[in-house]
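Quick notes on the structure that follows.
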Amino acid sequence: MAEYLETLHKQFEEKGRELQAYKEENKIKIAGEDERNSGEQKKEEPASSSGVLVT
């Protein structure tokens, strides 16, 4: 079972690399993808509050 999961994990990683290479070759951009990547980088910055209460 462990060997099977390891094989699936390797296949998943390889397919991800293939997909990334295809997107770069064809200049494909997915909506919201850049926002997610920049959001990961901004996690280190403290969140600021605008002071607006929405009910």
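Position in the sequence shown (from 1) plus 6 gives the number in the numbering used here. C-beta: ideal position from N, C-alpha, C; glycine also.
Query                                                                                                                         : Result
Following the continuous alpha helix (DSSP H) through residue 61, name the residue where it begins and the one where it ends. : Unbroken run through residue 61: none, as it is neither H nor E.
Taking the straight line between their C-alpha atoms, what separation do you get for residue 28 and residue 9?                : 29 Å
Straight-line CA distance for residue 40 to residue 32?                                                                       : 17 Å
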